[in-house]
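Protein chains in written order, with the numbering used here: chain S, 79 to 293; chain R, -16 to -7.
And the structure:
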């Protein structure tokens, strides 16, 4: 495991902690897309099917359990917690995320390493993760004022993906010397979707002004 | 050593 990969996983963990902190301490999920969080639950459940069958390392098992557990916990808070669910931006979170699931599944039926349940769902989870942030980005464009923790959460998600790209560049030259098309192309597209957000986030940080995405 | 396992990442 190289440093980029470790930093990437730690950044991913951090952004989930930031989100849980926001929800638990402020009892608010304003500006957070429930649809994106639900897509992440599907991403983790379909990707970690081999959690108990294929042993990689204790690190993998712990991280997978944390990602599945926290993503389900966040959806639970936003859907069922009596106080938090009142703060959900229901009217702005209108992206039809079901329109993302079917195309990713169909693509996985055609593009996969093996035509088995685990492999098709693994590919599906990679394609879905690539587009899962879209409802959240659309919601940010609609939000008049984005609170700092929400902006930080999305920024850290983007940073985790950039670190994974750097991890793949490192592994290509130093380790595997071959291209893993499915995760790398999906991951590249996923990271590219943050470019616009990164620009406005860094601009708002430099100018010390509120984060605002153009509609 | 370089792991050939394509699922060695999260």
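Virtual Cβ for every residue (Gly too), placed ideally from N, Cα, C.
Alpha-carbon to alpha-carbon, residue j and residue i
i	j	result
residue 274 (chain S)	residue 249 (chain S)	27 angstroms
residue 174 (chain S)	residue 221 (chain S)	17 angstroms
residue 213 (chain S)	residue 160 (chain S)	23 angstroms
residue 286 (chain S)	residue -12 (chain R)	45 angstroms
residue 292 (chain S)	residue 118 (chain S)	25 angstroms
residue 129 (chain S)	residue 261 (chain S)	18 angstroms
residue 251 (chain S)	residue 235 (chain S)	25 angstroms
residue 217 (chain S)	residue 168 (chain S)	10 angstroms
residue 164 (chain S)	residue 232 (chain S)	22 angstroms
residue 253 (chain S)	residue -10 (chain R)	15 angstroms
residue 115 (chain S)	residue 145 (chain S)	11 angstroms
residue 227 (chain S)	residue 284 (chain S)	17 angstroms
residue 237 (chain S)	residue 89 (chain S)	7 angstroms
residue 246 (chain S)	residue 208 (chain S)	16 angstroms
residue 192 (chain S)	residue 156 (chain S)	36 angstroms
residue 80 (chain S)	residue 183 (chain S)	31 angstroms
residue 276 (chain S)	residue 229 (chain S)	10 angstroms
residue 153 (chain S)	residue 258 (chain S)	31 angstroms
Neighbourhood of residue i by C-beta distance below 7 angstroms, restricted to the same chain and skipping five residues each side
i	result
residue 141 (chain S)	87
residue 125 (chain S)	200, 203
residue 279 (chain S)	229, 233, 289
residue 92 (chain S)	234
Local conformation of residue i per DSSP, three classes
i	result
residue 280 (chain S)	helix
residue 147 (chain S)	helix
residue 110 (chain S)	coil
residue 158 (chain S)	helix
residue 165 (chain S)	helix
residue 82 (chain S)	helix
residue 125 (chain S)	helix
residue 176 (chain S)	helix
residue 141 (chain S)	helix
residue 293 (chain S)	coil
residue 100 (chain S)	helix
residue 88 (chain S)	helix
residue 133 (chain S)	coil
Cβ-based neighbour list, residue i, same chain, cut-off 8 angstroms, excluding 5 preceding and 5 following
i	result
residue 288 (chain S)	223, 224, 282
residue 120 (chain S)	179, 203, 206
residue 170 (chain S)	217, 220, 221
Spatial neighbours of residue i in its chain, beta-carbon cut-off 6 angstroms, leaving aside the 5 residues before and after
i	result
residue 71 (chain S)	The requested residue 71 (chain S) does not occur in the structure, where chain S is confined to residues 79 to 293.
residue -16 (chain R)	Caution is warranted here: a pLDDT of 45 is assigned to residue -16 (chain R), below 50, making its placement in the model unreliable, and the coordinate value is therefore given only provisionally. No residues qualify anywhere along the chain.
residue 122 (chain S)	145, 146, 149
residue 106 (chain S)	165
residue 272 (chain S)	236
Just to confirm the assignment: which complete alpha helix (DSSP H) runs, minimum length 4, are found wholly within the region 185 to 270 of chain S? 195 to 209, 212 to 220, 226 to 249, 259 to 270
Output, in sequence order along the chain, the residues in the region 189 to 206 of chain S whose CB is closer than 8 angstroms to any CB in chain R. 191, 200
Short of 7 angstroms Cβ to Cβ, which residues in the region 231 to 249 of chain S face chain R? Listed by position along the chain: nothing, the set is empty.
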